[in-house]
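One point on numbering: in our numbering, the residue at position 420 of the sequence shown is 455, and numbering is uninterrupted. Structure first, then comments.
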Amino acid sequence: MDFYKIKGGKKLNGEVAVSGAKNAALPIIVASLLADGETVLSNVPNLMDIKTITRVIECLGAETDYDAEKNVLRIRVENLRCAEVPYDLVKTMRASVYVMGPMLARLGIADVSLPGGCAIGERPIDIHLAGFEALGAEIDIEHGNVVARARKMRGANFIMKKVSVGATVNLMMAAVLAEGETVLENCAMEPDVVDLGRFLVKMGAKINGFGTERIVIQGVKKLSPASYSIMPDRIEAGTYLLAGAITRGDVKVNRMEPDHIGALRETLGEMGFRIENGKDWTRIIPATKLTGAYIKTLPYPGFPTDLQAPLMSLLTTVPGISVISETIFENRFTHVGELRRMGASIDVEGNMAIIKGVKRLSSAPVMMSDLRAGAALVLAALAAKGTTEIRRIYHSDRGYEKLTEKLLGLGADIERVKGGTF
Ligand code: EPZ
């Protein structure tokens with residue numbers, strides 16, 4: 036297994052371009068199942084999770100062709116069939132359950148291995164399933180699979196008991212071909228949901244209100260395939276701004292949407308960093324005096340849980356006390372132990388981490404436990420004294436395209452070493 040070797044202490048400087056958003060691409064790729072014909076998606080990042088989701092839709096009869104150089108994914112759907120989406124794929128990537136919405140919409144049956152808990156929490160899919168039931172499906176758990184069947188999907192009013200990105204996108208896809216009107220309440224407002232909404236509208240769906248708490252869908256009889264360009268990845272953009280911040284460098288992040296990371300920009304500004312923005316870029320400029328931060332992760336437009344770990348790395352290097360409350364996932368502090376190995380001072384009490392800034396982190400052998408925890412370790416290593424080796428980097432391969440190249444472009448001393456012992 037490959038590992039990263041990062042020599043810390045270099046201030047990052049320069050410009051970096053953001054790739055397409057993984058978490059927008061995943062539901063959009065799945066939504067291609069809603070129409071027969073060829074869908075052409077551009078700005079699709081070359082990532083493990085994208086490979087996994089294309090394997091999932093291939094199980095269901097889609098043919099795919101990905102040009103990794105151009106980031107263009109072509110999907111042909113002619114013979115959609117109900118087949119089991121196996122445990123191997125679902126356990127690698129929970130977003131595999133997104134196929135339930137389109138499968139129910141088109142064939143009235145979906146059969147997907149039920150995802151278990153994962154590294155960041157229990158992550159049930161009960162809201163997805165309750166929504167499908169409201170639209171007329173019957174749900175059974177059979178031998179570890181969740182099987183949904185519907186003779187006819189009918190529009191309904193459904194209030195999500197909790198804001199869920201996954202349930203919102205799954206139910207949007209289930210409802211676009213249902214008979215009549217569906218009203219979804221307490222929806223996630225993440226930009227990823229909006230990107231899916233735009234794609235569905237391009238396919239001919241009648242949807243209003245995506246990006247608000249209330250989405251209204253008038254079912255149509257048929258959708259057509261469409262060409263679409265995936266929006267930029269806001270979490271990747273935020274990660275590079277934080278890489279600039281932790282090395283006290285000057286980094287301009289291009290090909291992004293500054294509005295999508297308002298909560299992060301605000302936090303960095305309050306800490307003392309200077310932030311400049313243009314139409315499609317944000318720049319972080321080092322500050323002479325920094326203070327800690329108090330943040331709480333929340334559904335969009337609140338502070339994103341996916342930037343909690345990378346932000347924590349920064350806070351370990353900032354004078355004074357900072358506090359992070361993680362309110363989205365119950366086990367999203369797995370990076371804390373590894374950051375402590377690098378000299379960070381962090382106490383965890385329930386869902387709260389209390390961070391006391393130290394003068395300097397120091398290198399240590401560490402391991403990634405999930406994608407964003409992995410990003411946090413890369414950032415910490417960039418700032419630490421000495422050379423840090425980071426293992427299990429398949430986690431960051433899931434969500435950061437060309438991580439090594441992009442960081443090298445900003446002047447980091449990072450090497451991806453082939454092979455390794457654990
Ligand atoms: C999406 O996960 C993202 N994944 C996550 O990004 C992200 O952390 C998360 O949204 C929150 O923003 C993708 O888009 C593929 P949720 P999702 O449903 O949809 C609970 C990354 O690193 N819940 O919004 O699975 C759930 O347990 C990943 O890129 C239920 O209780 O998240 C959690 O506490 C990790 N029942 C909360 O809701 C349900 O049926 C929010 O989860 C569904 C969710």
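Beta carbons are placed, not taken as given, at the ideal position from N, Cα and C, and that holds for glycine. Since this is a predicted model, take the numbers as computed values, not measurements.
Per DSSP, residue i is paired with what?
i    : result
Q253 : E216, K241
P267 : G55
N180 : S148, E177
V401 : I425
N114 : N114 is not bridged to any residue.
Y335 : Its beta-bridge partners do not exist; DSSP assigns none.
I359 : I330, A388
E98  : R111
I41  : T423, I449
N48  : D285
L76  : L108, Y263
R189 : E214
C222 : Paired residues: none, contrary to the question.
D227 : Answer by DSSP bridge pairing: none, since D227 is not bridged.
G156 : C153
I64  : None; I64 has no bridge partner.
V383 : A388
T247 : F245
Quick check: what's the CA-CA separation for residue i versus residue j?
i    : j    : result
F38  : V401 : 10 angstroms
A298 : E177 : 42 angstroms
L47  : I41  : 13 angstroms
S360 : T99  : 41 angstroms
G254 : K287 : 43 angstroms
R269 : K314 : 14 angstroms
E173 : A183 : 6 angstroms
A278 : E440 : 14 angstroms
D448 : G43  : 7 angstroms
S431 : M83  : 9 angstroms
G385 : P345 : 19 angstroms
Y122 : K437 : 28 angstroms
K256 : E214 : 8 angstroms
D382 : L350 : 13 angstroms
K45  : R290 : 24 angstroms
R129 : P150 : 6 angstroms
K196 : H163 : 11 angstroms
L258 : A169 : 22 angstroms
V79  : R309 : 31 angstroms
K391 : V125 : 38 angstroms
T87  : G201 : 17 angstroms
I319 : G409 : 22 angstroms
A145 : S264 : 28 angstroms
G337 : N366 : 19 angstroms
T352 : N312 : 25 angstroms
D175 : K187 : 17 angstroms
A56  : L342 : 14 angstroms
G179 : V147 : 9 angstroms
G208 : K237 : Note on residue identity: the sequence assigns Met, not Gly, to residue 208. One C-alpha to the other measures close to 13 angstroms.
L374 : K324 : 23 angstroms
G446 : V91  : 38 angstroms
W316 : E292 : 7 angstroms
K67  : E104 : The sequence given here has Ser at residue 67, not Lys. Distance between the alpha carbons of S67 and E104: 22 angstroms.
Where does the unbroken beta strand (DSSP E) through residue i begin, and where does it stop?
i    : result
E292 : Taken as a continuous stretch (DSSP letters only), E292 belongs to no beta strand (DSSP E), as it is neither H nor E.
K453 : No beta strand (DSSP E) holds K453; DSSP gives it neither H nor E.
F193 : 192-194
R318 : 317-320
R309 : 309-312
A388 : 387-391
Please look up how many angstroms separate the CB atoms of residue i and residue j, rounded, as I've assumed it's under 8 angstroms.
i    : j    : result
V240 : T217 : Note that residue 240 is Ala in the sequence shown, not Val. That belief does not hold up - the Cβ atoms of A240 and T217 are roughly 11 angstroms apart, past 8 angstroms.
E248 : N205 : The pair is not a contact, with the Cβ atoms about 17 angstroms apart (cut-off 8 angstroms).
L212 : A140 : 4 angstroms
R189 : G166 : That belief does not hold up - the Cβ atoms of R189 and G166 are roughly 13 angstroms apart, past 8 angstroms.
I363 : T340 : 4 angstroms
V120 : V65  : V120 to V65, Cβ: 11 angstroms. No contact.
V229 : P334 : Not confirmed; about 14 angstroms, so no contact.
L406 : G378 : No, L406 and G378 are not in contact; Cβ-Cβ is about 23 angstroms, not under 8 angstroms.
G143 : A97  : G143 to A97, Cβ: 18 angstroms. No contact.
S404 : G421 : About 22 angstroms; that fails the 8 angstroms criterion.
Starting from residue i and walking both ways along the alpha helix (DSSP H), at which residues does that stretch end?
i    : result
L438 : 438-444
A410 : 406-418
A165 : 161-169
G327 : Taken as a continuous stretch (DSSP letters only), G327 belongs to no alpha helix (DSSP H), as it is neither H nor E.
N81  : No alpha helix (DSSP H) holds N81; DSSP gives it neither H nor E.
G347 : The sequence given here has Met at residue 347, not Gly. Element bounds for M347: 343-350.
G304 : 297-306
P137 : 135-142
Y122 : 122-127
R376 : 370-376
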